[in-house]
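Trainee: Residue numbering for the sequence shown follows my numbering, beginning at 1 and increasing consecutively.
Let me give you the structure first, and then I'll get to my questions.
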Amino acid sequence: MKRILIIGGTSGIGWAVAQQYLEQGHQVIVSGREPGKIPQPYPPRLSSIACDICQRDQLEALFASQAEQSLDLVLIAAGFYFRDRFHPLDGATTCRMLQTNVLGLDLALTLASEHMLRQGFGHLAAIASVAGLLRDYPGASLYSATKKAVLQLCETYRIALRPFGIHVTTLVPGYVNTAKLRELNEQDVSRKPFILSEQDAAMRILRAIDQHKNMLVFPRRMHWLIRLLNCLPAAALKLRRQESVRK
Ligand SMILES: NC(=O)c1ccc[n+]([C@@H]2O[C@H](COP(=O)([O-])OP(=O)(O)OC[C@H]3O[C@@H](n4cnc5c(N)ncnc54)[C@H](OP(=O)(O)O)[C@@H]3O)[C@@H](O)[C@H]2O)c1
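Written out as structure tokens, the structure is:
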């Protein structure tokens, strides 16, 4: 039985992953700002800890609470995104996005690495997004930039931790049909290309981690679409951007 910590495991993709690990018989600790969102009663071997990854002291307390026990896997699924057309970017939003998606994630990777270096083994994983692979993501450049940072940070930790036998897997999903995505799209996600259910996304994530993949971009068709879009000449990208602003 493995001990697995999922940061950002109280809903969406993180919670779907937690459920699949529980079904496999592992012990799972989920954290988020609102663990009360998790349906009661808790299944056996599940525990939760409240933690805002934007708050250094809370993240440190989370890892301190695990100091006496081993962690086989730490998955960082916490992330902040919004629908930019309806949510103007202001200083507070920018700050929150950078703190959640970049600074919080980086601190979580640091603290998890320290824990795993002390115990001498472990596996780290983090959820980025295909938005971080796109050369130009119309109208969502800040989110896209934070996810590019996730890709880069994971690569950096992967190289640094490899000599110590600690592996890092970067998970790069396209659209996943979570309550959050539905909420941001007036409950209509029918036009999101190649959208996956939470369960399907979680299954792919578990498999990639199990296979010690460096990076998984999924679904494959979305990866091809991104590659195609990245090949478009600058003029076509400009048109796409203008179209997105008009919508
Ligand atoms: N859904 C998609 O289509 C999609 C596509 C590509 C990438 N992603 C990425 O996948 C991840 C999960 O997305 P999702 O759709 O599953 O969203 P979600 O349901 O909103 O899940 C986000 C999780 O992160 C936690 N979280 C958010 N801010 C936090 C903070 N400051 N501190 C601690 N935990 C925090 C939330 O818990 P609390 O509310 O309890 O804090 C929740 O457990 C995100 O990183 C997102 O960027 C999603």
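All C-beta atoms in this analysis are idealised placements derived from N, C-alpha and C, irrespective of residue type, glycine included.
Over the uninterrupted beta strand (DSSP E) stretch that includes G32, give me the two end residues.
Mentor: Your numbering for residue 32 matches position 32 in the sequence shown. Taken as a continuous stretch (DSSP letters only), the beta strand (DSSP E) holding G32 covers 27 to 32.
Trainee: Which value, in whole angstroms, describes the spacing of the CA atoms of L161 and C154?
Mentor: Along the sequence shown, read from residue 1 onward, the residue named residue 161 stands at position 161. Along the sequence shown, read from residue 1 onward, the residue named residue 154 stands at position 154. Taking the straight line joining both Cα atoms gives about 10 Å.
Trainee: Determine the extent of the alpha helix (DSSP H) in which R56 is found, giving its start and end residues.
Mentor: Residue numbering aside, residue 56 sits at position 56 when the sequence shown is read from its first letter. Element bounds for R56: 56 to 64.
Trainee: Counting pairs of Cβ atoms below 8 Å between the stretch 194 to 202 and the stretch 215 to 224, do you hit three or more?
Mentor: Result yes; three or more Cβ-Cβ pairs closer than 8 Å.
Trainee: If the criterion is Cβ atoms closer than 8 Å, does the pair L22 and R45 meet it?
Mentor: On the sequence shown, residue 22 is found 22 positions in, with the first residue counted as 1. On the sequence shown, residue 45 is found 45 positions in, with the first residue counted as 1. The answer is yes: Cβ separation under 8 Å.
Trainee: Helix, strand or coil: which one does DSSP assign to R45?
Mentor: Numbered from its first residue, the sequence shown carries residue 45 at position 45. Correct three-state label for R45: coil.
Trainee: Could you pull the start and end residues of the beta strand (DSSP E) that H248 belongs to?
Mentor: This structure does not reach residue 248, given that the chain is present from 1 up to 247, and the question cannot be answered.
Trainee: Kindly examine ligand 1 and report whether one of its heavy atoms sits closer than 7 Å to the Cβ of S173.
Mentor: If you number the sequence shown from 1, residue 173 lands on position 173. A small correction: the amino acid at residue 173 is Pro; Ser does not occupy that position in the sequence shown. Answer for P173: yes, Cβ within range of ligand 1.
Trainee: Flag L256 as yes when its Cβ comes closer than 7 Å to any non-hydrogen atom of ligand 1, and as no otherwise.
Mentor: Within the shown structure, residues of the chain are numbered from 1 to 247, placing residue 256 beyond reach of any answer.
Trainee: Mind pulling the alpha helix (DSSP H) runs of 4 or more residues that sit fully within the stretch 79 to 142?
Mentor: 91 to 98, 105 to 119, all fully within the stretch 79 to 142.
Trainee: From the DSSP output, read off the bridge partner residues of I159.
Mentor: Looking up residue 159 in the sequence shown gives position 159. Partner(s): none; I159 has no beta bridge.
Trainee: With a cut-off of 8 Å on the beta carbons, I'd call A67 and I6 a contact; round off their distance for me.
Mentor: Here residue 67 is taken as the residue at index 67 of the sequence shown, counted from 1. Here residue 6 is taken as the residue at index 6 of the sequence shown, counted from 1. With a Cβ gap of about 18 Å, A67 and I6 do not count as contacting.
Trainee: What first and last residue would you give for the beta strand (DSSP E) that runs through M215?
Mentor: Translated into the one-based positions of the sequence shown, residue 215 becomes position 215. It spans 215 to 218 - the beta strand (DSSP E) in which M215 sits, taken as one unbroken run.
Trainee: Can you tell me the Cα-Cα spacing of I127 and A112, whole angstroms?
Mentor: Stepping through the sequence shown from its first residue, residue 127 is reached at position 127. Stepping through the sequence shown from its first residue, residue 112 is reached at position 112. The alpha-carbon atoms of I127 and A112 are separated by roughly 15 Å.
Trainee: Quick one: what does DSSP say I38 is sitting in, helix, strand or coil?
Mentor: For this step, residue 38 is matched to residue 38 along the sequence shown. Three-state result, I38: coil.
Trainee: Quick one: grab the DSSP three-state call for R3.
Mentor: Residue mapping note: residue 3 aligns to position 3 of the sequence shown, counting from 1. Strand.
Trainee: Which of helix, strand or coil does DSSP assign to L71?
Mentor: To locate residue 71, count along the sequence shown from 1; it is residue 71. Correct three-state label for L71: coil.
Trainee: Give the DSSP-derived three-state secondary structure of A50 in the structure shown.
Mentor: As a working note, residue 50 is residue 50 in the sequence shown. Of the three classes helix, strand and coil, the one that applies to A50 here is strand, per DSSP.
Trainee: Pull the bridge partners of V176 from the DSSP assignment, please.
Mentor: Taking the first residue of the sequence shown as 1, we reach residue 176 at position 176. DSSP, once it has assigned bridges, lists L196 as partnering V176.
Trainee: Please report how far the alpha carbon of G122 lies from the alpha carbon of G165, in whole angstroms.
Mentor: On the sequence shown, residue 122 is found 122 positions in, with the first residue counted as 1. On the sequence shown, residue 165 is found 165 positions in, with the first residue counted as 1. Their backbone Cα atoms lie some 8 Å apart in a straight line.
Trainee: Please determine, among L232, M203, P233, the residue with the shortest C-alpha to C-alpha distance to A16.
Mentor: As a first step, residue 16 is located in the sequence shown; it is residue number 16 there, counting from the start. Closest by alpha carbon: M203.
Trainee: Please report how far the alpha carbon of L103 lies from the alpha carbon of C54, in whole angstroms.
Mentor: Numbered from its first residue, the sequence shown carries residue 103 at position 103. Numbered from its first residue, the sequence shown carries residue 54 at position 54. Roughly 7 Å between the two C-alpha positions.
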